[in-house]
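Residue numbers (my numbering): 465 to 673.
We put the CB at the ideal spot given by N, CA and C, even for glycine.
Worksheet: one structure, shown below.
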């Protein structure tokens, strides 16, 4: 009797400023719940898991919800190791939240393995009356910073709430080498020297997006 199939692990991070709704988006995707009175701030990194079957193959999705506050950045940077995909989340009703996205992309570029798949998410579309960021601005930023996809969501109303996760998995599975464990080793062998990060980015090509 053959041993049961071991699921392929896919590690995904949710990053972005505090109060952008990362935790609510994650709970909506994993448990299909929304807790309107939950104002708890993530301390360090929260962890969720979801099992998927795609084309008769088993996958274990490891979802890491990282804290947005500056004081936790040194703690969460280590969680980029072995990541296959990253959701970068901002609040469409908070202009500062959106303006912080280039810095978050920069952090992902610095700590995540080469070729990690990134998707930009504009959350809280249920606050359309307080909208401070146009959808077109999100689309333009996603293209500029190398995200493979942009989507606006609402954890509260379910509007497109599962799309970024589903799209991220689809792109990871369709990208040659995206699940290659040697990617992490490549990053760990890099020694940061002045000017090197920019040179790596230029030499990475389109597939580093």
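In this chain, the alpha helix (DSSP H) harbouring residue 605 covers 599-609.
Closest by C-alpha distance to residue 581, out of 618, 575 and 633, is 633. Residue pairing of residue 617 in beta bridges, as defined by DSSP: absent, with no partner found. As the crow flies, the alpha-carbon of residue 471 is around 34 Å from that of residue 555.
Assignment of beta-bridge partners to residue 581 by DSSP yields 549. Per the coordinates, the alpha-carbon of residue 477 lies some 16 Å from the alpha-carbon of residue 515.
DSSP links residue 528 through a beta bridge to 477 and 511. Note that the C-beta distance between residue 553 and residue 484 is below 8 Å.
Look at the beta carbons and you see the segment 609-616 not touching the segment 557-564: under three pairs across the two are nearer than 8 Å. Of 628, 548 and 571, the smallest CA-CA separation from residue 587 is found for 628. Per DSSP, reduced to three states, the secondary structure at residue 626 is coil, with no helix or strand assignment. In the three-state reduction of the DSSP assignment, residue 570 falls in the helix class.
Scanning 521, 492, 557 and 468 for the CA closest to the CA of residue 593 turns up 557. Residue 626 is positioned such that its CB atom lies closer than 8 Å to that of residue 493.
Under the DSSP assignment, residue 492 falls in the alpha helix (DSSP H) whose first and last residues are 486-495. Residue 586 is bridged by DSSP to 554 and 616. If you draw a straight line from the Cα of residue 620 to the Cα of residue 497, it comes to about 9 Å. Put simply, of 636, 630 and 641 the residue whose alpha carbon is nearest the alpha carbon of residue 489 is 630. About 10 Å separates the CB atoms of residue 473 and residue 522; that is not less than 8 Å, and the two are not in contact. Residue environment analysis places residue 641 among the exposed positions, since fewer than 16 neighbouring C-beta atoms fall within 10 angstroms of its C-beta. Between residue 576 and residue 547, the C-beta gap is smaller than 8 Å, which places the two residues in contact. No residue range can be given for residue 643, since it is assigned to no alpha helix (DSSP H) and is classified by DSSP as neither H nor E.
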